[in-house]
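K.L.:
Residue numbers (our numbering): 5 to 240.
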């Protein structure tokens with residue numbers, strides 16, 4: 005528990021009941037967890053976010069699987085995100101520290117038309133942060149080589165997240181703001197600069213949850229596909 009640097013607590017309800025009822029219920033659920041932690045001598049200063057978010061964004065009658073349940077049991081929940089000290093696991097992006105097999109970025113000439121996008125689903129971050137996991141290194145190396153081979157390409161690095169509604173962005177527990185998708189895009193931007201790509205060829209932008217591939221996110225696979233980084237060709 006001493007390695008935990010911060011905690012984010014999110015309470016949810018399913019679609020049954022009124023908005024006021026569900027807002028209150030989700031708030032109570034989040035605070036029950038908070039009080040549980042405090043009763044066990046967890047530092048209140050480490051609880052950076054505790055909020056009831058009302059109805060879960062994917063909760064509706066059309067998503068019911070168990071017809072014996074008037075609502076959706078898995079949406080009546082509290083999500084707890086712990087951020088731990090893990091500096092020793094973070095890749096030093098200036099060094100070649102890891103070699104893993106990764107699907108090659110197989111691109112044809114027509115893929116480099118302005119407006120086309122390259123989706124990088126294998127870039128993985130620590131939850132609630134812009135910190136890049138070591139597993140992402142192979143695909144990032146391929147991206148560096150691609151940009152060094154095609155020196156004329158100008159790109160926008162686009163960050164996207166899942167699990168939010170109305171285009172909202174996520175909370176970044178490192179920078180203490182709600183710009184998670186932009187901060188993740190910036191992390192890729194900084195990686196590319198450190199590996200020899202000129203900053204004049206790149207911009208970055210966070211799109212939050214405004215451009216989901218799967219708007220309803222009915223399972224974990226769809227959440228993972230919405231949680232992505234895209235490289236858009238904006239000039240050449």
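Backbone N, C-alpha and C define an ideal beta-carbon position, used for all residues, glycine too. From a predicted model like this one, the values you see are computed outputs, not experimental measurements.
Spell out the partners DSSP gives residue 181 in its beta bridges.
P.N.:
176
K.L.:
Do the stretch 216-230 and the stretch 141-150 meet, that is, are 3 or more Cβ pairs less than 8 Å apart?
P.N.:
no
K.L.:
Residues bridged to residue 244 by DSSP?
P.N.:
Residue 244 lies beyond the range of the chain shown here (5 to 240); nothing can be said about it.
K.L.:
Do you know offhand how far residue 117's Cα is from residue 158's?
P.N.:
Whole-angstrom Cα-Cα distance: 11 Å.
K.L.:
For the 8 Å Cβ check, are there 3 or more pairs between the stretch 168-178 and the stretch 212-224?
P.N.:
With the cut-off at 8 Å, the stretch 168-178 and the stretch 212-224 touch.
K.L.:
For residue 46, which of helix, strand or coil comes out of DSSP?
P.N.:
Annotated three-state conformation of residue 46 is coil, per DSSP.
K.L.:
For residue 58 and residue 121, what's the separation of their Cα atoms in angstroms?
P.N.:
35 Å
K.L.:
Counting Cβ pairs closer than 8 Å, one from the stretch 184-201 and one from the stretch 125-137, do we hit at least three?
P.N.:
yes
K.L.:
How long is the line joining the alpha carbons of residue 87 and residue 152, rounded to whole angstroms?
P.N.:
35 Å
K.L.:
How is the beta strand (DSSP E) around residue 12 delimited, first residue to last?
P.N.:
Segment 8-17, the beta strand (DSSP E) holding residue 12.
K.L.:
How would you label residue 235, buried or exposed, when you count the other beta carbons within 10 angstroms and need 16 or more for buried?
P.N.:
buried
K.L.:
Are residue 141 and residue 128 close, meaning C-beta to C-beta below 7 Å?
P.N.:
No; because the gap between Cβ atoms is not below 7 Å, this pair is not in contact.
K.L.:
How far does the alpha helix (DSSP H) with residue 234 in it extend, from its first residue to its last?
P.N.:
Segment 232-239 is the beta strand (DSSP E) holding residue 234; no alpha helix (DSSP H) there.
K.L.:
According to DSSP, is residue 135 helix, strand or coil?
P.N.:
coil
K.L.:
Please report the residue range of the alpha helix (DSSP H) in which residue 152 lies.
P.N.:
In the DSSP assignment, residue 152 falls within the unbroken alpha helix (DSSP H) covering 141-153.
K.L.:
With distance defined between alpha-carbon atoms, name the residue in 207, 205 and 53 nearest to residue 176.
P.N.:
53
K.L.:
Pick out whichever of 192, 76, 75 and 46 has its Cα sitting closest to the Cα of residue 2.
P.N.:
With the chain covering 5 to 240 only, the question about residue 2 has no answer from this structure.
K.L.:
Within 10 angstroms of the Cβ of residue 195, are there 16 or more other Cβ atoms? Answer buried if so, exposed if not.
P.N.:
buried
K.L.:
Whose C-alpha, out of 223, 237 and 164, is nearest the C-alpha of residue 211?
P.N.:
164
K.L.:
Considering Cα atoms alone, identify which of 201, 202, 208 and 203 is closest to residue 184.
P.N.:
Among 201, 202, 208 and 203, the Cα nearest to that of residue 184 belongs to 208.
K.L.:
Would you tell me roughly how many angstroms separate the C-alpha atoms of residue 29 and residue 38, rounded to the nearest one?
P.N.:
14 Å
K.L.:
On the three-state DSSP scale, how would you describe residue 197?
P.N.:
helix
K.L.:
Could you check where the beta strand (DSSP E) with residue 53 kicks off and where it finishes?
P.N.:
51-59
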